[in-house]
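Below is one structure, written out as structure tokens; the observations come after it.
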Amino acid sequence: MAKKSHEHHDRPHRHHYDAEMLSVEEARERILSYFSVLPAEATPLVDSLGQVTSEDLVASFDIPPLANSAMDGYAVIAKDTAGASKESPVELLVTGVIAAGQLPDHALEPGNAIRIMTGAPVPENSDAVVPFEDTDELERRDAGGSSESISIHLQAETWDNVRGAGEDVEVGETVISRSQILRAGEIGLIASLGHSSVKAFRRPVVAIVSTGDELLQPGEDHQFGKIYNSNAYSIAAMVTRYGGVPKIMGIAKDTIESLEKALEDAMDADLVVTSAGVSKGDYDVVKDVLSSKGQIALWSVRMRPAKPLAFGVLDRKDGTKVPHLGLPGNPVSAMVAFEQFGRPALRLMLGKPLADKPTIEAIMDDPIRNHDGRRVYARVHAYRDGNGVYRAKLTGNQSSGVLSSMALANGLAICPDDIGMIDVGEIAIVEMLDWPDDIF
Ligand code: AMP
Ligand code: MG
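One rule links them: number in the working numbering = place in the sequence shown (from 1) + 94.
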């Protein structure tokens with residue numbers, strides 16, 4: 095297949111970008127310089143998925159604590175079974191039974207066997223377990239009831255079916271090290287050491303303030319001419335997805351007073367996110383408030399959607415500052431901007447490495463057009479074709495207000511700012527929205 099690269103030099107449609115605006119990377123770097131990792135705290139294990147450990151965890155005992163059986167069977171002395179086979183079994187006297195959770199009450203003597211269940215500690219002197227399948231256990235059981243002795247059908251080798259003490263974890267071992275991201279496996283391992291909590295960097299609390307006289311809160315009765323505040327919910331979902339704790343603060347009117355009041359309640363968060371009110375309209379007051387109540391840092395990024403963006407810090411009453419990300423109001427713009435700037439900020443606060451979104455290269459089924467020298471993030475559905483090659487199809491209307499095409503998308507295909515178009519059949523890099531390596 096002929097693959098064309100969008101890095102090709104003499105392609106048509108190339109045009110110049112607006113140097114006044116920041117690139118996504120420049121904006122991200124500036125924004126991130128205002129964040130630092132949050133303090134660590136004891137976190138219940140059940141809530142810790144995706145958080146990052148702040149200290150090493152050392153085992154204070156062996157796992158398993160004692161040598162124990164890996165099978166349901168008979169604890170034996172391996173050399174007692176020398177030469178045993180189905181045809182010439184070795185008969186051993188059964189002197190007891192040990193269930194999981196019990197400790198053996200007597201040592202194993204030569205010529206004897208002790209019934210043992212999986213996980214039960216092997217008795218003193220025993221150095222192998224013969225599984226029921228390699229004995230006449232079932233025949234004897236069918237013949238009715240327990241018996242005094244058992245026939246062994248297999249020669250056991252030393253330590254057959256015995257799990258050694260400390261085989262999993264040894265006392266003194268560093269089981270989890272600082273800066274480790276907690277996934278199910280790590281969480282289980284910590285629980286196996288008896289801990290119900292883990293010291294991890296705190297989750298960032300993100301206050302979400304929506305602005306706009308036109309907004310209704312979902313749950314309120316529909317009113318003609320008004321629109322529902324969807325941004326708070328899509329942003330809250332992304333905050334949760336990237337490990338933060340969203341706090342939906344409600345709706346501010348398009349006045350400085352109303353916004354100031356709403357921000358006051360939001361400022362004890364680790365990050366304040368507003369939506370809307372950052373473009374050039376008459377009622378776009380976010381930047382005014384950010385300038386008067388804090389310091390504004392930037393306001394325009396060379397990307398589509400989501401060109402209008404505000405970022406700065408708000409001054410808390412106690413003299414500390416809280417970062418404020420002013421997202422555009424259009425629902426897709428707000429989401430795309432949060433992916434690009436909110437996500438890395440959350441990762442940084444959580445103590446995670448600043449991994450980029452996972453990307454693939456896909457052949458475009460539709461063209462992506464770039465009218466004005468901004469990096470375009472096009473909503474696509476990426477899939478593998480019959481040959482296992484990634485392709486990507488636009489999910490519909492790419493207007494920044496059209497949320498349905500965002501809901502259909504599993505990725506954002508990128509047209510670089512200095513490229514006028516990625517044509518059908520050309521390759522685009524696609525940032526995958528929901529691949530799990532994006533969280534860990
Ligand atoms: P603005 O940035 O205030 O000019 O808003 C841009 C567009 O986004 C307008 O069409 C708004 O109605 C829409 N919008 C603003 N806030 C929200 C919100 N919270 N949920 C959904 N749409 C919104
Ligand atoms: Mg508005």
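Glycine residues also receive a C-beta, built at the ideal position from the N, C-alpha and C atoms.
Bear in mind the structure is a predicted one, so any value in this text is a computation, not a measurement.
Asked: Start and end residues, alpha helix (DSSP H) containing L384; Found: V380 to K387
Asked: Beta-bridge partners of T368, as assigned by DSSP; Found: V303 and G420
Asked: Inter-residue Cα distance where the pair is D528 and G505; Found: 8 Å
Asked: Bridge partner(s) assigned by DSSP for D409; Found: K415
Asked: Given L365 as reference, the closest of P340, E354 and I350 once Cα atoms are compared; Found: P340
Asked: When L353, L187, V430 and K387 are compared against R410, the one with the closest alpha-carbon; Found: K387
Asked: Segment contact flag, the region 445-454 with the region 394-407, C-beta cutoff 8 Å, min 3 pairs; Found: no
Asked: Cross-strand partners of G436 (DSSP beta bridge); Found: None, per the DSSP bridge assignment.
Asked: Three-state secondary structure (DSSP) of M500; Found: helix
Asked: Cβ neighbours of S286 in the same chain (closer than 8 Å, five flanking residues each side left out); Found: I157, D262 and V263
Asked: Span separating the alpha-carbon of A363 from that of E354; Found: 15 Å
Asked: Straight-line Cα distance separating E203 from I533; Found: 55 Å
Asked: Other residues of its chain near A201: CB distance less than 8 Å, five sequence neighbours each side excluded; Found: P217, E218 and N219
Asked: The ligand AMP heavy atom lying under 7 Å from the CB of P422; Found: yes
Asked: Identity of the residues DSSP links to T453 by a beta bridge; Found: E525
Asked: Any non-hydrogen atom of the ligand AMP closer than 7 Å to D378 Cβ; Found: yes
Asked: Helix, strand or coil at Y336 according to DSSP, with G and I counted as helix; Found: coil
Asked: Cβ neighbour criterion (16 or more within 10 Å) applied to L197; Found: exposed
Asked: CA-to-CA distance, A486 to D459, given in whole angstroms; Found: 6 Å
Asked: One or two residues paired with M458 in a DSSP bridge; Found: A486
Asked: Cβ shell of L488 (< 7 Å), same chain only, five flanking positions each side left out; Found: D460, A472, R473 and V474
Asked: Identity of the residues DSSP links to L309 by a beta bridge; Found: I321
Asked: Contact between the region 381-399 and the region 438-445 (3+ Cβ pairs under 8 Å); Found: no
Asked: Test: H465 CB closer than 8 Å to a CB of chain C; Found: Chain labels in this structure do not include chain C; a single protein chain is all it has.
Asked: Cβ-heavy atom distance, D262 to the ligand MG, below 7 Å; Found: no
Asked: DSSP bridge partner residues for N206 (one or two, in chain order); Found: L187
Asked: Distance, V184 Cα to T175 Cα; Found: 6 Å
Asked: Beta carbon nearer than 5 Å to a non-hydrogen atom of the ligand MG; Found: G306 and A370
Asked: Close Cβ partners of M361 (< 7 Å) along its chain, the five nearest in sequence each way excluded; Found: L408, R410 and V416
Asked: Neighbourhood of V539 by C-beta distance below 7 Å, restricted to the same chain and skipping five residues each side; Found: No answer is possible for residue 539: the residues shown for the chain start at 95 and end at 534.
Asked: N- and C-terminal bounds of the beta strand (DSSP E) containing K293; Found: S291 to F295
Asked: Best match in E351, M332, G338 and Y327 for proximity to G344 [C-alpha to C-alpha]; Found: Y327
Asked: Proximity winner among T212, D307 and E433, relative to K320 (alpha-carbon distances); Found: D307
Asked: Contact between the region 221-234 and the region 158-173 (3+ Cβ pairs under 8 Å); Found: yes
Asked: Neighbourhood of G279 by C-beta distance below 8 Å, restricted to the same chain and skipping five residues each side; Found: none
Asked: Contacting residues, own chain, Cβ-Cβ under 7 Å from T137 (five flanking each side not counted); Found: Q145, S291, V292 and A294
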